[in-house]
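**Student:** The sequence shown begins at 4 in the working numbering and counts up one residue at a time.
Built from N, CA and C at the ideal position, the CB exists for glycine as well.
Dropping the structure in here first, questions after.
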Amino acid sequence: MPRTPVTLIGLGPMGQAMVRTLLAAGHPVTVWNRTPSRAAGVVADGAVLAESALHAVEASELVILSLTDYQAMYDVLESAAGSLAGRTVVNLSSDTPDRTRSAASWAASHGATFLTGGVMIPAPMVGTDQAYVYYSGPKEVLELHEIALSQIGAPRYLGEDPGLAQLMYQAQLDVFLTTLSSLMHATALLGTAGVSAAEALPELLQTVRGIPEMLDAGAENPGADIDAGKHPGDLSTITMMGATADHIVGASEAAGIDLGLPRAVAAHYRRAIEDGDGGDNWTRIIDGIRSPR
C-alpha cells in the first residue's frame, strides 16, 4: 500500500525519532531544520533534506512540526506561507491553548488545515505500543492522515477546539513536572540525613506507583465524586492531610532545603481549612485551586 509522503520540520530528539518511525513504516519523509547538521542522521536513514522551509512544505501535503514553541512555527513557516494552501499542518510543539487557537486561525488564513497534537511519551518511546498522542481540530483531517500519524503513537481525539489537545498536554505535564520536582525535593530531604539518591529513589517511586490504588481505595470513582461535589472525609480529611503538609514544611526548613514546593502544597490545605472544610476529604482542595484569592 503506498504510504503518504510526510514533511517533518524540527529535528530535535523527538523530531528525529518521528522521522525514523515514519521511514520504517514506509513513508517518504522530507525534513528541514534550522541547524542543518541535525539532519545528517535521518538523511543517512533515508529522509530527504529540503533546501529550505519553503521546499520542505511544498514536498508534502502533510506537514508535521516538532518545534520548541508556537513562535518557532511562525519563524519557520512565514517564508512558506504562500505555499500552505491545501496542506495539513500538524503542530506537535508545546505552548498555551490560546496561542494554539491563534495558530489555527493563522494557518486557516493561509488556506491550510490545522491539527494540534500533544505527544505523551519521550523520544525513545515514539512508535511503540505505549505511545499515544492527543489531537484536536477537524476530525475528518485526523482521519484522513490517521495511517501516517498512527506510526508516531495511537491518536486520541479530544474535539474540534484546537486548544483542547494543548490543554490536555499541559495538564498531563502539570502532573508529570510536579511529580518530578517532588521526587527531587524528597531525595534532597533524605540526602540531608546521609541517604544517597541511589537508595532514596527506589523507595520514593513505590509511593508514585501506589497512588492509583490509593485513589481507588478511597472511592469507586474519585473523579465522579469530585464532579458531584462529594468529598466524604471518612478516610483522609483536609485537617489530617494539612497537618502532614505542615510537617513536611517544618522538616524541610530544619534541613535547610528549598521550601517553595512544600509551602505551595500546604497553602492548598490551609485555604480549605480557612473555608471551613477541614472535615472533608483532601479532594476538597480543588475548590481553592479553582477560585484563587
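Measure from the alpha carbon of lysine 142 to the alpha carbon of each residue in Gly121, Asp164, Pro8 and Ala151, then state which is nearest.
**Tutor:** Locating residue 142 in the sequence shown gives position 139, where the first residue counts as 1. If we check each option's Cα against that of lysine 142, Asp164 comes out closest.
**Student:** Please classify arginine 274: is it buried, with 16 or more other beta-carbons within 10 angstroms of its beta-carbon, or exposed?
**Tutor:** Here the question's residue 274 lines up with position 271 in the sequence shown. With 16 or more other Cβ atoms within 10 Å, it is buried.
**Student:** Using DSSP's beta-bridge definition, name the partner residues of leucine 68.
**Tutor:** Translated into positions along the sequence shown, residue 68 becomes position 65. Answer is Ile12 and Asn94, bridged to leucine 68.
**Student:** Does leucine 87 come out as helix, strand or coil in the three-state DSSP assignment?
**Tutor:** Here residue 87 refers to the residue found at position 84 when the sequence shown is read from its first residue. Of the three classes helix, strand and coil, the one that applies to leucine 87 here is coil, per DSSP.
**Student:** For alanine 220 and aspartate 249, I'd like the C-alpha separation in whole angstroms.
**Tutor:** In the sequence shown, counting from the first residue as 1, residue 220 sits at position 217. In the sequence shown, counting from the first residue as 1, residue 249 sits at position 246. Each residue's alpha carbon lies about 25 Å from the other.
**Student:** For methionine 123 and tyrosine 172, what's the separation of their Cα atoms in angstroms?
**Tutor:** Looking up residue 123 in the sequence shown gives position 120. Looking up residue 172 in the sequence shown gives position 169. Their backbone Cα atoms lie some 7 Å apart in a straight line.
**Student:** Alpha carbon to alpha carbon, how far is tyrosine 73 from alanine 106?
**Tutor:** Here residue 73 refers to the residue found at position 70 when the sequence shown is read from its first residue. Here residue 106 refers to the residue found at position 103 when the sequence shown is read from its first residue. Spanning the two alpha carbons is a distance of roughly 7 Å.
**Student:** Below 8 Å, can you find three or more Cβ-Cβ pairs linking the region 182-201 to the region 110-123?
**Tutor:** Output reads no: the region 110-123 does not touch the region 182-201.
**Student:** Could you tell me which uninterrupted beta strand (DSSP E) segments, each at least 3 residues in length, are contained entirely in the region 117-166, listed from first to last along the chain?
**Tutor:** Runs found: 135-139 and 157-162.
**Student:** Look at the Cβ atom of valine 136, then the Cβ atom of alanine 20, and state whether they are nearer than 8 Å.
**Tutor:** For the purposes of this step, residue 136 is taken as residue 133 along the sequence shown, with counting starting at 1. For the purposes of this step, residue 20 is taken as residue 17 along the sequence shown, with counting starting at 1. It is not a contact, given that the beta carbons lie outside the stated cut-off.
**Student:** Does the distance between the C-beta of leucine 186 and the nearest non-hydrogen atom of the ligand FAD fall short of 7 Å?
**Tutor:** The ligand content of the structure shown is nil, which means the ligand FAD is not present either.
**Student:** Can you give the Cα-Cα distance for leucine 186 and arginine 212, rounded to whole angstroms?
**Tutor:** As a position in the sequence shown, residue 186 is number 183, starting the count at 1. As a position in the sequence shown, residue 212 is number 209, starting the count at 1. Those two C-alpha atoms are separated by around 12 Å.
**Student:** Over what stretch of residues does the beta strand (DSSP E) that includes valine 34 continue unbroken?
**Tutor:** Walking along the sequence shown from the start, residue 34 turns up at place 31. Start and end: 32-35.
**Student:** Given a cut-off of 8 Å, decide if valine 79 and leucine 70 are closer than it, judged by their beta-carbon atoms.
**Tutor:** To locate residue 70, count along the sequence shown from 1; it is residue 67. To locate residue 79, count along the sequence shown from 1; it is residue 76. Cβ atoms of leucine 70 and valine 79: closer than 8 Å.
**Student:** Since proline 265 is in the alpha helix (DSSP H), which residue starts that stretch and which ends it?
**Tutor:** Within the sequence shown, the letter at position 262 stands for residue 265. 263-277 is the extent of the alpha helix (DSSP H) around proline 265.
**Student:** So isoleucine 292 packs on isoleucine 241, CB below 8 Å; how close in whole Å?
**Tutor:** Here the question's residue 292 lines up with position 289 in the sequence shown. Here the question's residue 241 lines up with position 238 in the sequence shown. Not a contact, Cβ separation roughly 13 Å.
**Student:** Starting from isoleucine 2, follow the alpha helix (DSSP H) in both directions and report where the run begins and ends.
**Tutor:** Because the chain is modelled from 4 through 296, residue 2 falls outside the range shown and cannot be assessed.
**Student:** Give me the residue from Ile214, Asn284 and Asp261 with the minimum Cα distance to glycine 236.
**Tutor:** By one-based count along the sequence shown, residue 236 stands at place 233. Answer by Cα proximity: Asn284.
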